[in-house]
Amino acid sequence: MDTVFRDVRVLDGSGGPPYRADVALDGGRIAEIHRESDGGRRPGGTRLVDGHGLALAPGFIDMHAHSDLALLRDPGHEAKAAQGVTLEVLGQDGLSYAPVDDRTLDEVRVQITGWNGGGPQDTSVDFDWRTVGEYLDRLDHGFGGEGIAVNAAYLVPQGTVRMLAVGWDDRAATAGEVARMKRLVAEGLEQGAVGMSSGLTYTPGMYAGDAELTELCRVVADHGGYYCPHHRSYGAGALDAYAEMIALTREAGCALHLAHATMNFGVNEGRAPELLALLDDALDAGADLTLDTYPYTPGCTTLAAMLPSWAGEGGPEAVLARLRDEATAARIRHAMEVAGADGCHGVPISWDTVEISGVCDPALAGHVGKTVARSAAERGEEPWATARRLLLDDRLGPTILQHIGHEDNVRRIMRHRVHTGGSDGILQGDKPHPRAYGTFPRYLGTYARELGVLSLEECVAHLTGRPAARLRLTDRGLVREGHRADLVLFDPATVAAGATFDAPRTPPVGIPHVLIDGRFVIEDGHRTQALAGHSIRRTPPGRG
């Protein structure tokens with residue numbers, strides 16, 4: 004045997020009761036599990052690790068990650084590796100970097116530079132792929148062919164697909180354009196994507212109607228994938244937006260995974276039970292449905308995402324032109340501050356809840372860590388003037404924290420029977436959301452150990468076995484003989500997120516060892532040089 008963990012408390016990812024065992028690894032897989040109750044001979048190995056006082060769990064699966072470029076830029080990727088994350092699902096919110104052509108690549112690089120970097124001046128990544136398969140190949144051969152920090156799966160981004168087939172027009176797609184989008188989605192799935200994502204408050208994906216989305220979801224269903232929408236509202240129309248996604252995927256016969264399934268803004272305080280009842284009714288009627296959340300109340304996105312959808316028609320350069328024009332900028336302001344823009348989920352924006360978390364231009368760093376309202380007050384101007392100038396000067400680059408969540412909603416939703424964990428972690432900016440560095444230890448330390456919202460074994464199942472089942476992974480997500488040795492050893496008594504809103508890049512505590520395919524990527528609390536990650540590609544229907 005390569006490695007044996009002696010006397011560990013096994014939380015196997017199923018949600019079942021923990022047990023004590025020796026767990027032996029060999030050739031990148033779990034070779035033997037010798038329970039304490041079995042008695043008799045204990046396995047030996049080249050390396051013995053004393054697991055007394057530690058829990059052994061499957062590696063955590065981040066069901067909503069924004070590491071699309073970080074995995075190619077940062078070989079250490081400690082933001083996720085140190086948390087015990089061994090697999091991230093990329094291509095989220097309908098916007099990512101494959102499939103593209105030269106035009107759409109340039110456009111999407113500008114649009115989501117606040118999420119991932121990668122803007123026109125960023126030369127840290129060579130964008131030498133165009134298809135989904137080429138992007139996955141690039142992940143497999145990252146850093147001189149060695150690989151990447153953690154494993155990664157990919158969702159075909161519906162907004163990027165619409166850029167390719169339709170452009171940035173706010174209109175229904177023609178029959179020919181729908182046919183092209185269906186081919187692009189099918190090709191991405193055939194090349195290894197696990198499903199399709201949408202960002203239905205982000206342009207241009209939000210311009211798609213239900214009939215168009217249903218046709219694309221039929222393709223996803225035919226290929227055994229799942230649909231992961233950031234739906235049309237998390238605010239004034241949240242329940243209707245959830246119901247819309249459930250109905251169209253039922254019509255298409257497609258599995259549904261609801262992204263960062265929160266109930267935000269004042270209009271939704273205390274309304275989590277209504278969402279859960281909607282989900283339960285769908286599940287009882289036969290829906291194939293899961294969801295993910297992060298264990299925090301504030302959200303995080305780009306400042307440009309708050310704009311009304313009509314302001315985004317035509318792409319990033321058209322947005323900037325509208326912001327420069329005084330009359331059009333006044334219309335945008337009215338939509339955001341009075342009417343409630345669809346980009347802000349139908350709720351009039353409160354500038355004192357919008358905190359600037361990052362900018363691309365270092366000259367604008369003085370805004371970071373302040374709400375737009377505070378930054379404006381310091382400059383003796385109205386908040387809209389500050390927000391508008393930031394969007395123009397940083398070319399749509401600012402990222403924001405939006406302090407609009409409710410703790411009771413967070414706790415109620417995370418208890419649900421189909422809940423999984425997702426960080427939605429944006430790694431860019433001087434003051435990113437701490438969920439990027441703290442989601443998984445916060446689940447274990449704060450919500451399981453301290454608050455008892457979930458039992459420890461339930462919590463681990465939400466972060467491992469349940470997401471693995473959604474991804475149709477037959478040899479990951481559980482501690483089982485023959486499974487891949489993607490594993491986390493943590494101390495249940497001390498595990499905690501170190502990241503805070505004031506110090507968001509602080510590493511967690513209580514996670515001494517993390518392994519991928521039996522290789523230590525975190526050892527004794529420190530990042531090793533191992534690049535054990537690679538792309539995890541969709542398992543075709545009918546194959547184990």
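The numbering of the sequence shown is this note's numbering, which starts it at 4 and goes up by one. Built from N, CA and C at the ideal position, the CB exists for glycine as well. For clarity, every value in this text was computed on a predicted model and none was experimentally measured.
Fill in: Presumed contact (8 Å Cβ cut-off) between glycine 117 and glycine 361, rounded CB distance
7 Å
Worksheet item: Does DSSP put leucine 454 in a helix, a strand or coil?
Response: When DSSP states are grouped into helix, strand and coil, leucine 454 belongs to the coil group.
Item to complete: May I ask which residues mark the beginning and end of the beta strand (DSSP E) holding alanine 58?
Response: 58-61
Worksheet item: In whole angstroms, what is the alpha-carbon distance linking threonine 356 and methionine 266?
Response: 16 Å
Discussion item. Please classify glycine 148 as buried or exposed, where buried requires at least 16 other C-beta atoms within 10 Å of its C-beta.
Written reply: exposed
Worksheet item: Cα-Cα, which of Ala368, His37, Gly120 and Gly480 is closest to valine 77?
Response: Going by the sequence as given, residue 77 is aspartate instead of valine. Closest by alpha carbon: Gly120.
Worksheet item: Which one or two residues does DSSP pair with glycine 361 in a beta bridge?
Response: Thr402
Practice prompt. Answer with yes or no whether the minimum CB distance from aspartate 295 to chain B is below 8 Å.
Written response: This model lacks chain B altogether; it includes just one protein chain.
Worksheet item: Among Glu218, Ala196, Glu193 and Tyr157, which one has its Cα closest to the Cα of glutamate 180?
Response: Glu218
Worksheet item: Does DSSP put valine 7 in a helix, in a strand, or in coil?
Response: Strand, per DSSP.
Worksheet item: Can you give the Cα-Cα distance for proline 319 and leucine 399, rounded to whole angstroms?
Response: 8 Å
Item to complete: Give the DSSP bridge partners of cysteine 220, in chain order.
Response: Partner(s): none; cysteine 220 has no beta bridge.
Worksheet item: With distances taken between CB atoms, is the gap from alanine 255 to cysteine 231 smaller than 8 Å?
Response: no
Practice prompt. State the CB to CB distance for the pair histidine 409 and isoleucine 416, rounded to an integer number of angstroms; the pair is presumed to be in contact (CB under 8 Å).
Written response: No, histidine 409 and isoleucine 416 are not in contact; Cβ-Cβ is about 10 Å, not under 8 Å.
Discussion item. Rounded to the nearest angstrom, what separates tryptophan 387 and arginine 420 at their Cα positions?
Written reply: 42 Å
Worksheet item: What are the boundary residues of the beta strand (DSSP E) that includes aspartate 29?
Response: 22-29
Worksheet item: Per DSSP, which one or two residues make a beta bridge with histidine 233?
Response: Gly202
Worksheet entry | Residues that leucine 394 bridges to, as DSSP identifies them | None, per the DSSP bridge assignment.
Worksheet item: Does the distance from the CB of valine 26 to the CB of leucine 59 come in under 8 Å?
Response: Yes.
Practice prompt. Please name the residue, chosen from Leu279, Val512, Ala488 and Arg327, that lies closest to alanine 34 on a Cα-to-Cα basis.
Written response: Ala488
Fill in: Cα-Cα separation between valine 371 and proline 365, rounded to whole angstroms
10 Å
Fill in: Nearest-angstrom Cβ-Cβ length linking serine 312 and threonine 206, presumed shorter than 8 Å
6 Å
Worksheet item: Looking at C-alpha atoms only, which residue of Tyr440, His529, Gly485 and Ser200 is the closest neighbour of threonine 252?
Response: Ser200
Discussion item. Do leucine 457 and tyrosine 450 have their beta-carbon atoms positioned less than 8 Å apart in this structure?
Written reply: yes
Worksheet item: Looking only at DSSP bridge pairs, what is aspartate 284 linked to?
Response: The bridge partners DSSP lists for aspartate 284 come to none.
Worksheet item: Residues in its own chain within less than 7 Å of arginine 45 by CB, not counting five upstream and five downstream?
Response: Asp25 and His37
Worksheet item: Can we say the stretch 463-483 touches the stretch 504-513, given the rule of at least three CB pairs closer than 8 Å?
Response: Between the stretch 463-483 and the stretch 504-513, the count of Cβ pairs shorter than 8 Å is below three; the stretches do not touch.
Fill in: For valine 181, three-class secondary structure by DSSP
Of the three classes helix, strand and coil, the one that applies to valine 181 here is helix, per DSSP.
Item to complete: Would you kindly report the start and end of the unbroken alpha helix (DSSP H) that includes glycine 122?
Response: Run containing glycine 122: none; DSSP gives neither H nor E here.
Worksheet entry | Neighbourhood of glycine 150 by C-beta, 6 Å cutoff - its chain only, sequence neighbours within 5 removed | Leu534, Gly536 and His537
Worksheet entry | Top-ranked residue by Cα proximity to aspartate 131, from Met4, Ala152, Asp104 and Asn154 | Asp104
Worksheet entry | Beta-carbon spacing of leucine 139, glycine 195 below 8 Å | yes
Worksheet item: Taking the Cβ atom as the reference point for each residue, do leucine 74 and alanine 152 lie within a distance shorter than 8 Å?
Response: yes
Item to complete: Would you mind stating whether arginine 414 and serine 426 have Cβ atoms separated by less than 8 Å?
Response: Their beta carbons are not under 8 Å apart, which means arginine 414 does not touch serine 426 by this criterion.
Worksheet item: Which class does glycine 16 belong to by DSSP, given the choice of helix, strand or coil?
Response: coil
Practice prompt. Output the distance between the C-alpha atoms of threonine 296 and arginine 183, rounded to the nearest integer angstrom.
Written response: A straight line joining the alpha-carbon of threonine 296 with that of arginine 183 spans about 33 Å.
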